[in-house]
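As structure tokens, the structure follows; a few thoughts come after it.
In the working numbering, the protein residues as written are 15 to 159.
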């Protein structure tokens, strides 16, 4: 049982829980980390202000970010890199998605590993229909037992 993963619809790799489309039951991931683009000077990448101090890098050998959402659309970078304080999204040259990303743009990351991401924060901001409707304290922040 993984109650933390289930509540966020995170699945074991952050990709969601549910059944195939035939059953029509699927829970989308509900945990995102809000970040913004702080550098867009390069043709093949953008840099954001969220790194390993904000979200977990996930499991070894997997991408640290499963999905990227901006302006309500999902983006697919070629690869993602996380340092302590920055996230770098790499795109193939000429990628149309890269050309849509600009300095100051808000971006949501769906982290690979929800449990350790939540454990790094004091509170969670709950958003419904684009509006903040609650702020929940993370009362177990930093606890491992």
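By construction, the Cβ of each residue, glycine as well, lies at the ideal position given by its N, Cα and C atoms.
Since we're looking at a predicted model, the values are computed, not measured.
query                                                                                                                                      : result
Do you know how far the Cα of residue 46 is from the Cα of residue 70?                                                                     : 12 Å
So with Cβ pairs under 8 Å, would you call residue 100 a contact of chain D?                                                               : Any reference to chain D falls outside this structure, which holds one protein chain only.
Given this structure, state the Cα-to-Cα distance separating residue 107 from residue 57, to the nearest angstrom.                         : 7 Å
Mind checking who residue 148 pairs with in its DSSP beta bridge?                                                                          : 140
Is the beta carbon of residue 60 closer than 8 Å to that of residue 103?                                                                   : yes
Once you ignore the five residues that flank residue 83 on each side, which residues in its own chain have a CB closer than 6 Å to its CB? : 122
Comparing C-alpha positions only, which one of 137, 145, 144, 141 sits nearest to residue 151?                                             : 137
Measuring only the C-alpha atoms, how far is residue 21 from residue 140?                                                                  : 13 Å
Taking only three categories from DSSP, how would you classify residue 53?                                                                 : strand
What does the alpha-carbon distance come out to for the pair residue 95 and residue 101?                                                   : 6 Å
Along the chain, where does the beta strand (DSSP E) containing residue 68 start, and where does it finish?                                : Here residue 68 belongs to no beta strand (DSSP E), and DSSP marks it neither H nor E.
What would DSSP say about residue 107, mapped onto helix, strand or coil?                                                                  : coil
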